[in-house]
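The next block holds one structure in the form of structure tokens; read it before the comments.
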Amino acid sequence: MEDNKNKIIERVDWNAVLKEIWGRRKLFYKTLPLAFILSSIFIFSIPKYYHSEVKLAPELESSSKTGGSLGTLASSFGIDLSRMQTNDAITPLLYPDLMEDNSFVYSLLNVKVYNQDNNINTTYYDYLKNYQKLAWWEYPIDWLSRLIQEHEDKFGQDGYDPNNITKEEDDIYEMARHDINISVDKKTRVITIRATSQDPVICKTLGDSIKDKLQVFITQYRTNKARIDCEYYQKLTDSARIDFEKQRHKYAHMADASTHVTLQSVTQRLQDIANDTQEKYNTYTKLNTQLQAAKAKVQECTPAFTILKAASVPVKPTGPRRVRFVFIVVLLAAICTSGYIMWEIIKTDRK
Numbered sequence: 059m060e061d062n063k064n065k066i067i068e069r070v071d072w073n074a075v076l077k078e079i080w081g082r083r084k085l086f087y088k089t090l091p092l093a094f095i096l097s098s099i100f101i102f103s104i105p106k107y108y109h110s111e112v113k114l115a116p117e118l119e120s121s122s123k124t125g126g127s128l129g130t131l132a133s134s135f136g137i138d139l140s141r142m143q144t145n146d147a148i149t150p151l152l153y154p155d156l157m158e159d160n161s162f163v164y165s166l167l168n169v170k171v172y173n174q175d176n177n178i179n180t181t182y183y184d185y186l187k188n189y190q191k192l193a194w195w196e197y198p199i200d201w202l203s204r205l206i207q208e209h210e211d212k213f214g215q216d217g218y219d220p221n222n223i224t225k226e227e228d229d230i231y232e233m234a235r236h237d238i239n240i241s242v243d244k245k246t247r248v249i250t251i252r253a254t255s256q257d258p259v260i261c262k263t264l265g266d267s268i269k270d271k272l273q274v275f276i277t278q279y280r281t282n283k284a285r286i287d288c289e290y291y292q293k294l295t296d297s298a299r300i301d302f303e304k305q306r307h308k309y310a311h312m313a314d315a316s317t318h319v320t321l322q323s324v325t326q327r328l329q330d331i332a333n334d335t336q337e338k339y340n341t342y343t344k345l346n347t348q349l350q351a352a353k354a355k356v357q358e359c360t361p362a363f364t365i366l367k368a369a370s371v372p373v374k375p376t377g378p379r380r381v382r383f384v385f386i387v388v389l390l391a392a393i394c395t396s397g398y399i400m401w402e403i404i405k406t407d408r409k
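Here's what the structure looks like:
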């Protein structure tokens, strides 16, 4: 079968085909300029957009070893931090899923942004809602959607719940999700943040803000258990210190009042108070030791971040690639026109 196909191809007189196409070149004079004009109108109507990228490498939590000086400090209090090590329930590979959380997106939409011309200074939410450039065919749709808006915009007001939003607000949230991408390399665990915007300065601001928000989230998550323990020991230590201070003052007052008293009952009472004071002091000292170890654990769990690539103001727009688009459309128009001419030739030959 392949031999038959090759014979058919060999029988085609390509010179005659090209000559016939050239003879009908006037058709190209119509289709190619039309393709050029229509593709130019389309692609030049789409607003420019920019990308800004941040690469972040957070310190990974180790469950097998304890960090140097902090481990030494804790061991001086008689506490073994290695026993307090836990594994992450949220791995770095799940960080991109944060964009699915409305509360996290809400924190990003509250970021203050300003554009390159300094004539826009507002929140990211307001920028997406009121300052986006649209293609000319999108303006009527946008006008109608604003006209029939059913609910008052309550974004940022007291009592606002990002998990109970209107359809209009949900559209803004989806726009933010579309313009913000968080990815994690499975091998190196490097976090890449890519922000997209129609303004280069806002693009850079978004990259920095997302990086900061992500760092805060990771730090809070990693230190959550340790901070709870620290707050718990802080309350116990404060309570023990107050009890000890009260008992110490009680002992001092009793000792002063019993200076010239030689009664055995008074002496025994004073000894009992002294023992209680020592016991409360021992309790306070023990809890304070545990508190210092808990504080060391918080610092131990706090990850360090290495910025591999900082956000920068993009110099050139990322897209749309207008020249390439127009070239491809014109090329496709030329191919389709040639195909049409060849089809006409085949139909004529059959007749």
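Take the sequence shown: its letters are residues 59 to 409, numbered as in our numbering. For glycine and all other residues, C-beta sits at the position ideal for the given N, C-alpha and C. It should be emphasised that the depicted structure is a prediction, and the values quoted were computed from it without experimental measurement.
Mapping DSSP to helix, strand and coil, what is R83?
In this structure, R83 counts as coil in the three-state DSSP scheme.
Spatial distance of N168 from F213 (CA atoms):
Going by the C-alpha atoms only, they are around 9 Å apart.
Counting C-beta neighbours from all protein chains within 10 Å, is the total for I99 16 or more, i.e. buried, or is it exposed?
Label assigned to I99: exposed.
With a 10 Å radius around its C-beta and 16 neighbouring C-beta atoms as the bar for buried, classify G397 as buried or exposed.
In this structure G397 is exposed. Its beta-carbon is surrounded by fewer than 16 other beta-carbon atoms within 10 angstroms.
Is L156 helix, strand or coil by DSSP?
In this structure, L156 counts as helix in the three-state DSSP scheme.
Expressed to the nearest angstrom, what Euclidean distance is found between the alpha-carbon atoms of I67 and W401?
Confidence at I67 is low in this model, with a pLDDT of 48, below 50, so its placement is unreliable and no value can be given for it.
Rounded to the nearest angstrom, what separates N245 and T254 at their Cα positions?
Asn is not the amino acid found at residue 245; the sequence shown has Lys there. Pairing K245 with T254, the inter-Cα distance amounts to about 25 Å.
Can you grab the Cα-Cα spacing for the pair I331 / Q357, in whole Å?
In this model, I331 and Q357 are separated by some 39 Å (Cα to Cα).
What would DSSP say about V169, mapped onto helix, strand or coil?
Collapsing the DSSP output to three states places V169 in coil.
Determine the closest residue to D243 out of R285, R280, P154, with distance taken between C-alpha atoms.
Ranking R285, R280, P154 by Cα distance to D243 puts P154 first.
Can you list, in chain order, the residues of its chain with a C-beta nearer than 6 Å to that of G136? Leave out the 5 residues immediately preceding and following it.
Annotation note: pLDDT 49 at G136 (below 50); position unreliable, coordinate value reported separately. A distance below 6 Å between beta-carbons, with the five flanking residues on each side excluded, links G136 to no residue of its chain.
Can you tell me whether I240 is buried or exposed, with buried defined as 16 or more other CB within 10 angstroms of its CB?
The C-beta of I240 has 16 or more other C-beta atoms within 10 Å across all chains shown, which makes the residue buried.
Identify every residue that forms a DSSP beta bridge with K367.
K113.
N- and C-terminal bounds of the beta strand (DSSP E) containing A253:
Here the beta strand (DSSP E) through A253 covers 249 to 255.
Out of curiosity, what's the CA-to-CA distance linking K355 and I386?
Distance between the alpha carbons of K355 and I386 is about 60 Å.
Determine the burial state of C394: buried for a count of at least 16 other Cβ atoms within 10 Å of its Cβ, exposed for fewer.
It is exposed - the Cβ of C394 has fewer than 16 other Cβ atoms within 10 Å.
Between the Cα of L156 and those of P105, I276, A74, spot the shortest distance and give me the residue it belongs to.
A check of alpha carbon separations from L156 across P105, I276, A74 identifies I276 as the nearest.
Would Y291 and A352 be called neighbours here (beta carbons separated by less than 7 Å)?
Closer than 7 Å, so yes.
Whose C-beta lies closer than 6 Å to the C-beta of M59 among residues of the same chain, with five residues either side of it excluded?
Bear in mind that the predicted position of M59 carries a pLDDT of just 49, short of 50, making it unreliable; the figure below should be weighed with that in mind. If we look at M59 and ignore the five residues flanking it on each side, it has no Cβ neighbours.
Look at Q190 and P258 and say whether their C-beta atoms are less than 7 Å apart.
With respect to the 7 Å criterion, Q190 and P258 are not classified as neighbours on the basis of their beta carbons.
For E226 and E232, I'd like the C-alpha separation in whole angstroms.
C-alpha separation (whole angstroms): 10 Å.
Do you know offhand how far A369's Cα is from L345's?
Approximately 45 Å, taken between the alpha carbons.
From this set, T263, I399, E111, Y218, which residue's C-alpha is nearest G81's C-alpha?
With distances taken between Cα atoms, G81 lies closest to I399.
Rank N188, T250, V248 by C-alpha distance to the C-alpha of Q256 and give the top, closest one.
When the alpha-carbon of Q256 is set against those of N188, T250, V248, the nearest one is in N188.
Distance, Cα to Cα, T124 vs L186?
For T124, the predicted model reports a pLDDT of 46, less than 50, meaning its position is unreliable; a value from the coordinates is still stated below. Approximately 46 Å between the Cα atoms of the pair.
Under the three-state reduction of DSSP, which class applies to G377: helix, strand or coil?
Correct three-state label for G377: strand.
From T360, I238, L90, residue whose alpha carbon lies closest to that of S110
For S110, the nearest C-alpha among the options comes from I238.
Tell me, please, which residues DSSP counts as bridged to N179.
Note: N179 sits in a beta bridge opposite Y172.
Opposing strand residues paired with G242 [DSSP bridges]
In the sequence on display, residue 242 carries Val and not Gly. Listed as beta-bridge partners of V242 by DSSP are I249.
Can you tell me the Cα-Cα spacing of D296 and H236, whole angstroms?
Cα-Cα distance, rounded: 49 Å.
Which residue wins for smallest C-alpha separation from K367, given the options V248, F302, K88?
Ranked by Cα distance from K367, the first of V248, F302, K88 is V248.
What does DSSP give as the partner residue(s) for Y410 in the beta ladder?
No statement about residue 410 is possible, as the shown extent of the chain runs from 59 to 409 and does not include it.
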